[in-house]
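Undergrad:
In the working numbering, the protein residues as written are 661 to 863.
1) Would you call residue 726 buried or exposed, if buried means 16 or more other Cβ atoms sit within 10 Å of its Cβ?
2) What does the alpha-carbon distance come out to for the pair residue 848 and residue 794?
3) Buried or exposed for residue 755, please, with buried defined as at least 16 other CB atoms from any protein chain shown within 10 angstroms of its CB.
4) If we require 4 or more residues per run, which alpha helix (DSSP H) segments fall completely within the segment 750-784?
5) Which full runs of the alpha helix (DSSP H) of 4+ residues lie inside the segment 792-832, going along the chain?
6) Alpha carbon to alpha carbon, what distance is there between residue 712 and residue 728?
7) By DSSP, does residue 842 sit in helix, in strand, or in coil?
8) Which residue wins for smallest C-alpha separation from residue 744, given the options 763, 759 and 730?
9) If you measure between the beta carbons of residue 829 and residue 746, is that distance less than 8 Å?
10) Quick one, which of 833, 740 and 677 has its alpha-carbon nearest residue 791's?
11) In whole angstroms, give me the CA-to-CA distance for residue 739 and residue 780.
12) Is the Cβ-Cβ distance between residue 799 and residue 784 less than 8 Å?
13) Should residue 731 be labelled buried (16 or more other beta-carbon atoms within 10 Å of its own) or exposed?
14) Identify the continuous alpha helix (DSSP H) that holds residue 673 and give its terminal residues.
15) Out of curiosity, what's the CA-to-CA distance linking residue 818 and residue 825?
16) Measure how close the beta-carbons of residue 822 and residue 734 come, nearest whole angstrom, since I'm counting them as under 8 Å.
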């Protein structure tokens, strides 16, 4: 259940940066996924049904904070660091032999605090830092659990009623590749136009 009869806003604390394709693709696909109407089902009904399916808060009460934390993590996953984490998580899954455990194990390693890395700021703190903030925010246990729940969903290969996490990641990666191919094609066409005999004759 949730404390709202209308859908929450799936806006991260840091917006997807202009020119950062991965961030834009991950956040766009996330927001579109959570806006889908998956039809009536006792567990997923309501305007925030998909988010409830992913996060499943311990007390059963879904809030805007859950939506903000989840969107912030998904936005970060589209960064170079986030995509690198996903690659390492997939490798960890092969070592452990379990998808969910692999993702959570790699997340634990990712969040070791080190004074020589990112000025001692853990990744989960950086994910939730407001633009321009100097000090990392104080996160609750519920915030940390929300991120873990999103990662466990991303590790899930199957889902009966809704899109699985692995399908979501596959779509994000495919969309990024498609955008890159389109951009490379556009650049090649522009270079070809610039070096063509007709363009060379232009005054």
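Where is the CB? At the ideal position from N, CA and C, for every residue including glycine.
TA: Judging by the given coordinates:
1) Taking all protein chains shown into account, residue 726 has 16 or more neighbouring C-beta atoms within 10 Å of its C-beta and is therefore buried.
2) If you take the alpha carbons of residue 848 and residue 794, they lie about 42 Å apart.
3) A residue is called buried when at least 16 other Cβ atoms come within 10 angstroms of its Cβ; residue 755 does not meet this threshold and is exposed.
4) Correct list: 759-770.
5) Qualifying alpha helix (DSSP H) stretches, in chain order: 801-815.
6) Distance between the alpha carbons of residue 728 and residue 712 is about 13 Å.
7) The DSSP-derived three-state label of residue 842 is helix.
8) The shortest C-alpha separation from residue 744 is found at 763.
9) Yes, these two residues count as a Cβ contact at 8 Å.
10) Among 833, 740 and 677, the Cα nearest to that of residue 791 belongs to 677.
11) Between residue 739 and residue 780, the C-alpha separation is close to 20 Å.
12) Closer than 8 Å, so yes.
13) By the Cβ neighbour-count rule, residue 731 is buried, with 16 or more other Cβ atoms within 10 Å of its own.
14) Run containing residue 673: none; DSSP gives neither H nor E here.
15) Cα to Cα, residue 818 sits roughly 8 Å from residue 825.
16) So it is not a contact: roughly 15 Å between Cβ atoms.
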